[in-house]
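To keep things clear, I will list the structure first and then write my remarks on it.
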Amino acid sequence: MSHAADTQWPRWEVLKQDAEGKPHQAVGSVHAADAEHALLMARTVFARRPSAVSMWVAPAASVRSFTAQELAEREAPTERAPAAGAPERYLVVRKASHRRSMAFGELVGEVEGANVDEALAAALARLAGEPVLALWLVEARAVVRSDPAEADPWFGPARDKTYKQQSVYSSRATARQDAAKGVPR
Amino acid sequence: MTVTDRDPLAHEDPRRLAEFEARIAAGEKIEPGDWMPSEYRRQLIRMISQHAHSEWVGMLPEGAWITAAPSLRRKLILIAKVQDEAGHGQYLYHAAETLGATREEMVDALLEGRAKYSSVFNYPTLTWADVGMIGWLVDGAAIKNQVMLAGCSYGPYSRAMVRICAEETFHHKQGQEMVRRYAAGSPAQRRMAQDALDRWWWPAMMMLGPHDSDSPNTPLLKRWGVKVKTNDEVRQEFLDEHAPELLEAGLSIPDPELRFDEATGHWVHGPIDWDEFWRVVKGDGPMNAERLAARRQAHEEGRWVREAMAAHAARAASATGAVPA
Ligand SMILES: [Fe+2]
Ligand SMILES: [Fe+2]
């Protein structure tokens, strides 16, 4: 059943911001043919509830992932690539806790490096003394962002869909009262 | 643990295995990239992909009722619920991908009839009241299982479950509200609600899986924190919550042996027809063939869209000189 044109599209990691002033969080991934498709998929999959003001997507190939175990067992790079040209910028996403969560981790800032090793060293230096259970470096120029001017039409409609909230459903007592009154539901 | 033919851990490095088990005992989450026994990976791919398939097939029994919803409100609710199940499938396929499975392999296994999914979706939805009863009982049972799995030791599965549980509660509430109203409504509505309960009670009890004595994987899955509770423990939670609520709604539960045990504080149910369960799981339930046919049709009918998306992305990439991701 594998057809050339029916293989899965590339994977994109999704970063979602729940409210202004909060950091973007890594919430999961989608498959999409291109960046525009990835953003649409990200909204459909991760923002069916009113908890988004911004979404970013990054091709999985632009994301380097390191768990604490991998960092501990990682051999120090013996040879650094010479810093030729402009350094690359990377977003740093950190997992800081084993607590139950919907998100892998959250954005803690940006670092620069001529290569991934330099960027990783910069990120770890920045986070020295803080818990790092896992870390992502995301090539900043590969990240595609939802348009802030479109935030309302993009994320606003979910706010009116109150029937997705459990609190709108009647309790035992009101169900009986409503039934007695013949309230149409 | 019960190992019948071979020990799935025999080839593992004992030092790494001990470190892994110590991490789990300490409540740490295992993340993609961390060392894990191959059996842990295999069991997780099996469980998560079956769970993903269940979300997707689970859209079908209810989706068929969208156009027949009796009010706009009920139609909006049902559309939103079915959309959620599609999203739940996506979260889960992606969680399984972090273990090395591809979504394509998993979907192919489902479409070719090689994959298992929850037995409960192979029963027919005969009346509109079934939509309410599914929300109350099937989503209610699923929530009990998913709350348990939110505590799973594998990070991506746990996160998918936390996200799903937050959405799932609305599925349960809307069904409960609907059935309670019918149970307190006209004689015809009451009959419809009771008939739905008569048909969905046992499938809902069965969907939480075989008794612990017939679940050979459970001891290892518990030791590794994949499951935090056994099937029978989760079923007991489901029963203790739902039996009194259904009775209070004025419905009768089709189990002559059902009773509340004052001594233990738990409800006790009669024997479950496991022959029926295994028949349905193995493909011989009332709706297995229809469910797979509907999924295959949806997959085939979406093919031109996937091809168009790929062609559009390729053309846009060659126009800009950009390299496709
Ligand atoms: Fe679901
Ligand atoms: Fe659900």
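In the order they appear, the protein sequences are chains R and L.
Remember, the working numbering sits 470 above the position in the first sequence when you count from 1.
Remember, the working numbering sits 1 above the position in the second sequence when you count from 1.
Note that the Cβ used here is the ideal one computed from N, Cα and C, for glycine as well.
C-beta atoms of residue i and residue j nearer than 8 Å
i	j	result
R/F574	L/R160	yes
L/I135	L/W201	yes
R/L526	R/V500	Per the sequence shown, residue 526 of chain R should be read as Trp rather than Leu. No. Outside cutoff.
L/E32	R/A604	yes
L/S154	L/M208	no
L/M107	L/K230	no
L/A194	L/A184	yes
L/L45	L/L100	yes
R/V515	L/G88	yes
L/N232	L/S216	yes
R/A489	R/A628	no
R/A528	R/V613	yes
R/A496	R/V563	yes
L/L252	L/H270	no
R/M468	L/V163	The structure shown does not extend to residue 468 of chain R, since chain R is modelled only from 471 to 655, so the question has no answer here.
Rounded Cβ spacing between residue i and residue j (contact assumed at less than 8 Å)
i	j	result
L/E197	L/D131	Here the sequence assigns Ala to residue 197 of chain L, which means Glu is not the residue at that position. Contact holds; Cβ gap of about 5 Å.
R/D530	R/Y560	Position check: residue 530 of chain R holds Ala in this sequence, whereas Asp was assumed. The Cβ separation is near 15 Å, so there is no contact.
L/H54	L/A116	5 Å
L/L240	L/W203	That belief does not hold up - the Cβ atoms of L/L240 and L/W203 are roughly 12 Å apart, past 8 Å.
R/P618	R/S521	Rounded, the Cβ-Cβ distance is 17 Å, inconsistent with contact.
L/R16	L/F122	The pair is not a contact, with the Cβ atoms about 43 Å apart (cut-off 8 Å).
L/A81	R/K565	Not quite, the Cβ-Cβ distance comes to about 31 Å (not below 8 Å), so this is no contact.
Residue range of the alpha helix (DSSP H) that includes residue i
i	result
L/K76	73-98
R/Y560	First-last for R/Y560: 558-565, but that is the beta strand (DSSP E), not the alpha helix (DSSP H).
L/M207	188-207
L/M60	60-64
L/G156	156-184
R/Q539	538-543
L/E275	Note that residue 275 of chain L is Trp in the sequence shown here, rather than Glu. First-last of the alpha helix (DSSP H) with L/W275: 275-280.
L/E308	304-321
R/L509	505-516
L/L247	232-249
L/K223	219-224
L/P15	15-26
L/V108	104-112
R/V586	586-596
R/P623	621-625
L/M134	130-134
Identity of the residue in the options nearest residue i by Cα
i	options	result
R/L485	R/Q478, R/V581, R/L509, R/A502	R/L509
L/M102	L/M48, L/E63, L/G133	According to the sequence shown, residue 102 of chain L is Ala rather than Met. Comparing Cα positions, the closest option is L/M48.
L/I254	L/L138, L/M60, L/R115	L/L138
L/P287	L/R43, L/A87, L/I80, L/T126	L/T126
L/A96	L/G59, L/W66, L/K30, L/S50	L/S50
R/E558	R/A592, R/A538, R/L597	R/A592
L/E98	R/G498, R/V638, R/G583	R/G498
L/G176	L/P38, L/L111, L/R75	L/R75
R/A502	L/A318, L/S319, L/A320, L/A314	L/A314
L/L79	L/A110, L/E169, L/P245	L/E169
R/R570	L/I67, L/G28, L/L259, L/W66	L/G28
L/H52	L/R42, L/D35, L/E308, L/Y94	L/Y94
L/D14	L/G141, L/P211, L/G34, L/S39	L/S39
R/S535	L/G34, L/K145, L/T265	L/G34
L/H212	L/D85, L/D276, L/S187	L/D276
L/G266	L/P245, L/G156, L/A11	L/P245
L/E63	L/E234, L/T128, L/K228	L/T128
Limits of the unbroken beta strand (DSSP E) element including residue i
i	result
R/W606	604-609
R/G575	575-583
L/H267	267-269
R/M525	524-529
R/G498	495-501
L/D1	Not covered by the structure: residue 1 of chain L. The range shown for chain L is 2 to 326.
L/K145	Looking at the DSSP string, L/K145 is not in any beta strand (DSSP E); the run it does join, the alpha helix (DSSP H), is 140-150.
L/R260	260-262
R/K486	481-487
Proximity test, residue i beta-carbon vs ligand 4 heavy atom, cut-off 7 Å
i	result
L/A96	In terms of ligand content, the structure shown lacks ligand 4 and carries ligand 1 and ligand 2 instead.
Using a Cβ cut-off of 8 Å, which residues of the stretch 566-578 of chain R contact any Cβ in chain C, in chain order? Among the protein chains of the structure shown, namely R and L, there is no chain C.
Check each residue of the stretch 478-501 of chain R: if its Cβ is closer than 8 Å to any Cβ of chain L, include it; give the result in chain order. Closer than 8 Å at the C-beta level to chain L, one finds these residues of the stretch 478-501 of chain R: Q478, W479, P480, R481, W482, V497, G498, S499, V500, H501.
Chain R contacts made by the stretch 24-36 of chain L, where a contact means CB separation under 8 Å: When C-beta distances to chain R are compared with 8 Å, the residues of the stretch 24-36 of chain L below that value are G28, E29, K30, E32, P33, G34, D35, W36, in chain order.
Which residues, in order along the stretch 149-161 of chain L, keep a beta-carbon less than 9 Å from a beta-carbon of chain R? Within the stretch 149-161 of chain L, the residues whose Cβ lies closer than 9 Å to some Cβ of chain R are A151, G152, G156, P157, S159, R160, A161, listed in chain order.
At a CB distance below 7 Å, what residues from the stretch 504-517 of chain R approach chain L? Give them in sequence order. Shown in chain order are the members of the stretch 504-517 of chain R whose Cβ falls below 7 Å from a Cβ of chain L: D504, H507, V515.
Please list, in chain order, the residues of the stretch 583-604 of chain R that have any C-beta partner in chain L closer than 8 Å. Residues are counted here when their Cβ sits less than 8 Å from a Cβ of chain L; for the stretch 583-604 of chain R these are L603, A604, given in chain order.
Output, in sequence order along the chain, the residues in the stretch 205-216 of chain L whose CB is closer than 8 Å to any CB in chain R. Hits within the stretch: zero.
Closer than 8 Å, Cβ to Cβ, to anything on chain R: give me those residues from the stretch 180-200 of chain L, in chain order. Residues of the stretch 180-200 of chain L with a Cβ closer than 8 Å to any Cβ of chain R, in chain order: R181, R182, A185, G186.
Output, in sequence order along the chain, the residues in the stretch 537-548 of chain R whose CB is closer than 8 Å to any CB in chain L. For chain L, the residues of the stretch 537-548 of chain R that bring a beta carbon within less than 8 Å of one of its beta carbons are T537, Q539, E540, in chain order.
Quick one: which residues of the stretch 608-630 of chain R get their C-beta closer than 7 Å to a C-beta of chain L? List them in chain order. Under the 7 Å Cβ criterion, the stretch 608-630 of chain R contributes no residue.
What residues from the stretch 72-94 of chain L come within 8 Å of chain R, judged by C-beta to C-beta, listed N to C? Along the stretch 72-94 of chain L, going in chain order, the ones with a CB nearer than 8 Å to a CB of chain R are S72, R74, R75, L77, I78, A81, Q84, D85, G88, Q91, Y92.
Looking at chain R, which residues of the stretch 283-302 of chain L have a Cβ within less than 8 Å of any of its Cβ atoms? Hits within the stretch: zero.
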